[in-house]
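Heads up, my numbering is the position in the sequence shown plus 16, with the first residue counted as 1. All remarks here apply to the structure that follows.
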Amino acid sequence: MMIDLLDIFFAQTPAAGISEPVRIDLLQAIVLGIVQGLTEFLPISSTAHLKVVPVALGWGDPGVAYTAVIQLGSIVAVLWYFWKDLTTIIFGAAEAAVKQNYKSHEFQMAVGIVLGTIPIVFFGLLIKILIPDFDNSPLRNLSSIALASIFMSLLLGIAEKIGTRHRNYEKLTVRDGILMGLAQAMSLIPGCSRSGSTLTAGLFIGLERSVAARFSFLLGIPAITLAGLIELKSALGEGIDGAGIAALIVGTISAFIFSYLSIAWLLKFLQTQNTWIFVWYRLAFGVAILTAIAVVHCKISNTGLALLTVDFTSVEESPGHGTAVSLQ
């Protein structure tokens with residue numbers, strides 16, 4: 017049974033790249049929305065899970081465009097949850113700018129979020145230019161995702177261990193936005209996790225766990241929104257039939273519901289608990305993928321020439337040319 021599942025898991029993920037995105041039905045859209053919602057704001061990488069889970073279930077890779085579009089459900093959830101914070105920051109920053117009170121907390125937060133968004137936009141555009149077929153690039157294969165997950169688990173563990181966690185929400189500055197924004201750019205590599213990267217950076221610069229998570233959510237709003245809108249435009253440009261649009265809508269609604277729940281849960285959790293559960297989960301997630309890859313490779317090595325099926329019933333004499341063997 018283990019080998020059968022692994023066959024399904026890797027049959028659609030050739031070593032040279034990633035398979036073409038597949039058509040998503042409504043049930044799959046609901047499940048993918050749940051996966052997106054539960055993993056977007058937890059520091060475990062939604063991109064990695066949206067790649068691994070559907071492939072493991074035998075559905076194939078839904079592709080970058082679909083996963084980016086259903087992220088809009090997550091962005092609506094974070095906007096809804098932090099609406100009061102956002103209005104306070106926006107109006108407070110505007111008032112501070114008029115009064116030239118550039119040291120006000122709201123102004124510092126607003127500028128920090130704007131400047132912190134620049135790195136991921138810059139590197140995102142750079143990837144679009146340099147790697148047009150990023151959807152099928154080696155950076156999105158299972159090995160890369162596993163290694164990124166393991167690497168980020170180690171970084172989060174170090175941050176949890178050495179972080180001072182002495183700075184609260186009122187002590188956030190523009191510098192924090194820039195540093196966490198640079199970390200956020202790492203999430204362009206599947207498996208790194210946007211929230212995981214920014215939460216790790218927040219702990220390294222001395223923020224309290226819940227404060228790092230809260231600012232991570234606020235910082236992610238522009239980036240997730242831009243990514244979703246760009247991919248939505250791309251998807252609409254390529255043409256989506258009724259079933260495709262329905263799958264996008266259902267997936268987005270599902271993502272919204274579970275994103276809201278995960279935000280509320282994580283903020284409450286980090287007020288009293290540490291991040292070791294995510295460190296160990298990400299480590300186990302990465303190791304499990306690498307183990308599965310190793311098992312499949314061993315299976316392939318042991319079967320040897322059996323991978324090339326020879327139908328000896330098709331052996332026949334070819335006049336003047338000896339024996340002909342038909343390979344199926």
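Ideal Cβ placement from N, Cα and C applies to all residues, glycine included.
Residues bridged to residue i (per DSSP)
{"i": "residue 223", "result": "183"}
For residue j and residue i, the rounded distance between their alpha carbons
{"i": "residue 197", "j": "residue 129", "result": "8 Å"}
{"i": "residue 226", "j": "residue 185", "result": "9 Å"}
{"i": "residue 51", "j": "residue 249", "result": "23 Å"}
{"i": "residue 93", "j": "residue 177", "result": "31 Å"}
{"i": "residue 95", "j": "residue 300", "result": "32 Å"}
{"i": "residue 76", "j": "residue 63", "result": "14 Å"}
{"i": "residue 138", "j": "residue 211", "result": "18 Å"}
{"i": "residue 223", "j": "residue 42", "result": "41 Å"}
{"i": "residue 193", "j": "residue 317", "result": "49 Å"}
{"i": "residue 302", "j": "residue 113", "result": "46 Å"}
{"i": "residue 269", "j": "residue 203", "result": "23 Å"}
{"i": "residue 182", "j": "residue 260", "result": "48 Å"}
{"i": "residue 83", "j": "residue 156", "result": "13 Å"}
{"i": "residue 323", "j": "residue 304", "result": "Residue placement at residue 323 cannot be trusted, given a pLDDT of 46 that sits under 50; what the coordinates show is reported in the next sentence. Near 25 Å, if we compare the C-alpha coordinates of residue 304 and residue 323."}
{"i": "residue 81", "j": "residue 158", "result": "18 Å"}
{"i": "residue 191", "j": "residue 272", "result": "31 Å"}
{"i": "residue 287", "j": "residue 59", "result": "15 Å"}
{"i": "residue 236", "j": "residue 180", "result": "24 Å"}
{"i": "residue 207", "j": "residue 298", "result": "9 Å"}
{"i": "residue 111", "j": "residue 133", "result": "22 Å"}
{"i": "residue 247", "j": "residue 285", "result": "32 Å"}
{"i": "residue 306", "j": "residue 162", "result": "6 Å"}
{"i": "residue 74", "j": "residue 151", "result": "19 Å"}
{"i": "residue 124", "j": "residue 239", "result": "19 Å"}
{"i": "residue 289", "j": "residue 68", "result": "28 Å"}
{"i": "residue 267", "j": "residue 70", "result": "13 Å"}
{"i": "residue 221", "j": "residue 319", "result": "51 Å"}
{"i": "residue 160", "j": "residue 309", "result": "12 Å"}
{"i": "residue 141", "j": "residue 312", "result": "36 Å"}
{"i": "residue 131", "j": "residue 195", "result": "10 Å"}
{"i": "residue 116", "j": "residue 281", "result": "38 Å"}
{"i": "residue 102", "j": "residue 149", "result": "35 Å"}
{"i": "residue 187", "j": "residue 199", "result": "19 Å"}
{"i": "residue 189", "j": "residue 109", "result": "13 Å"}
{"i": "residue 296", "j": "residue 314", "result": "26 Å"}
{"i": "residue 61", "j": "residue 100", "result": "27 Å"}
Anticipated Cβ contact below 8 Å, residue i with residue j, distance rounded
{"i": "residue 293", "j": "residue 57", "result": "Going by Cβ atoms, the distance from residue 293 to residue 57 rounds to 15 Å, so no, they are not a contact pair."}
{"i": "residue 66", "j": "residue 48", "result": "6 Å"}
{"i": "residue 136", "j": "residue 201", "result": "4 Å"}
{"i": "residue 205", "j": "residue 262", "result": "The pair is not a contact, with the Cβ atoms about 31 Å apart (cut-off 8 Å)."}
{"i": "residue 91", "j": "residue 291", "result": "About 24 Å separates the two Cβ atoms, so there is no contact after all."}
{"i": "residue 107", "j": "residue 234", "result": "Their Cβ separation, rounded to whole angstroms, is 15 Å, which puts residue 107 and residue 234 out of contact at 8 Å."}
{"i": "residue 228", "j": "residue 283", "result": "Actually they are not in contact, since the Cβ atoms of residue 228 and residue 283 sit about 11 Å apart, beyond 8 Å."}
{"i": "residue 347", "j": "residue 44", "result": "Residue 347 is absent from the structure shown; the chain starts at 17 and stops at 344."}
{"i": "residue 105", "j": "residue 126", "result": "5 Å"}
{"i": "residue 78", "j": "residue 40", "result": "6 Å"}
{"i": "residue 89", "j": "residue 232", "result": "Not quite, the Cβ-Cβ distance comes to about 18 Å (not below 8 Å), so this is no contact."}
{"i": "residue 147", "j": "residue 153", "result": "5 Å"}
{"i": "residue 85", "j": "residue 264", "result": "6 Å"}
Short CB-CB distance (under 7 Å) between residue i and chain B
{"i": "residue 152", "result": "The structure shown has no chain B; it contains just one protein chain."}
Residue i CB to nearest heavy atom of the ligand HEM below 6 Å
{"i": "residue 114", "result": "The model on display carries no ligand, and the ligand HEM is accordingly not part of it."}
Tell me the start and end of each unbroken alpha helix (DSSP H) in the stretch 111-190 that is at least 4 residues and wholly inside, in chain order. 121-146 and 158-178
Starting from the N-terminal side, write out each stretch of the alpha helix (DSSP H) that is 4 residues or longer and does not extend beyond the stretch 50-119. 62-72, 80-97 and 99-114
4-residue-minimum alpha helix (DSSP H) runs that sit fully inside the stretch 225-287, ordered along the chain: 225-254
Say whether the stretch 166-176 touches the stretch 207-216, bearing in mind that this needs 3 or more beta-carbon pairs closer than 8 Å, one atom from each stretch. yes
Sufficient close CB pairs (3 or more, under 8 Å) joining the stretch 160-174 to the stretch 117-133: no
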